[in-house]
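I have placed the structure first, in the form of structure tokens, so that the comments after it can refer back to it.
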Amino acid sequence: MGRRSYLPPMSARDDAAGSATHHDPLARFRIAGKSIVITGASGAMGREAALGLGAAGANLTLAGGNRQALEELAASPQLAGHAVVAAIRPDSPDEASAIVSAAVDAFGGLDGMLVASGMNIVKPTIDMPMEDWEQVMDANVRGSWLMSQAAGRVLLEQGRGGSIVLVSSTRGKLGHPAGYAAYCPSKAAVDLLGKTLAAEWGPQQVRVNVLAPTVFRSELTAWMYADDDKGRATREAMFARIPLKRFAEPEDFVGALIYLLSDASSFMTGQVLYLDGGYTSC
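Every position in the sequence shown, counted from 1, becomes a number in the numbering used here once 2 is added.
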């Protein structure tokens, strides 16, 4: 006889949950009331993520080094009343733990986290001081590892699962000819960190995924959007590789984040989601 697959019978609770989902297919995307940490919350992606997740009803802990910007964000209409500020950068285990503790203290627990902090220093490899290389690696890899460790401890102890989203880049998959010898390896490390944590924590239903964008509008990339010779030349070269023929706007990430931080992605872990207009498909 051939092998027969076996699936355990659905419990009454599972059946009820399935019926509710069929009745309202968007229910699994709801994040209202979830306690979510955002690091790098004063940056372009972190700020837009906070506004979008806050408008959807999430309880947010906003972390970063710019207290004034974080407090102004927390006071915005979308976040007022359900956001707290942790003006801390995750440069050490104690600082990472303090950020997570702020969420637990304010909202009674932790459900998810977005690590949106990071940086780049662009220099030719032969001219890059070791200090610059270490600064990029610390911000992108060490910070992601520290925040994942701190959040993972709480999520595993709570015993109810959760979702962590790390931010990488298309440059974690693709090299770059113009001084990215620190940035590209750092983002490749973030990709594999996400996969490794997903494998380690999956049995406890703690999911870890990676969001990997291409160029999106921020203070650092504003020159690429400019209507001058340099901006136009850069766009023409990039758009030749981007099927959608545009760069990203920060709000383009909100839908993907709601998916990754909600129950809608409950069977997705260890994945790198390229939000890049098709750039890595060419």
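Built from N, CA and C at the ideal position, the CB exists for glycine as well.
Here M132 carries a helix assignment [DSSP, helix/strand/coil]. Residue range V208 to P215 is occupied by the beta strand (DSSP E) that includes P215. Boundaries of the alpha helix (DSSP H) around M149: G145 to Q160. Rounded to whole angstroms, the gap between the alpha carbons of G257 and G59 is 14 Å. Residue state for V106 is assigned as helix, using DSSP reduced to three classes.
Assignment of A65 by DSSP, reduced to helix, strand and coil, places it in the strand class. By the Cβ neighbour-count rule, L199 is buried, with 16 or more other Cβ atoms within 10 Å of its own. The alpha-carbon of A82 is positioned some 24 Å away from that of A98.
By the beta-carbon neighbour count (other beta carbons within 10 angstroms, threshold 16), E50 is buried. When A77, F255, Q137 and E202 are compared, the shortest CA-CA separation from Y185 is found for Q137.
By alpha-carbon distance to S188, the top candidate from G280, N122 and E253 is N122.
Here A201 is exposed: its Cβ has fewer than 16 other Cβ atoms, across all protein chains shown, within 10 Å.
Note that the C-beta distance between V212 and D193 is below 8 Å. In the three-state reduction of the DSSP assignment, L112 falls in the coil class. Here M47 is buried. Its C-beta has 16 or more other C-beta atoms within 10 Å. Residue environment for F109: buried (at least 16 other C-beta atoms within 10 angstroms of its C-beta). Cβ-Cβ separation between A88 and A65: approximately 5 Å, consistent with a contact (criterion under 8 Å). Counting only the Cα atoms, T41 lies some 10 Å from L62.
A straight-line Cα-Cα distance of about 30 Å links D96 and E221. Spanning the alpha carbons of Q80 and G111 requires a straight line of approximately 21 Å. The beta-carbon distance between G120 and A141, rounded to whole angstroms, is 5 Å. This is short enough to meet the 8 Å contact definition.
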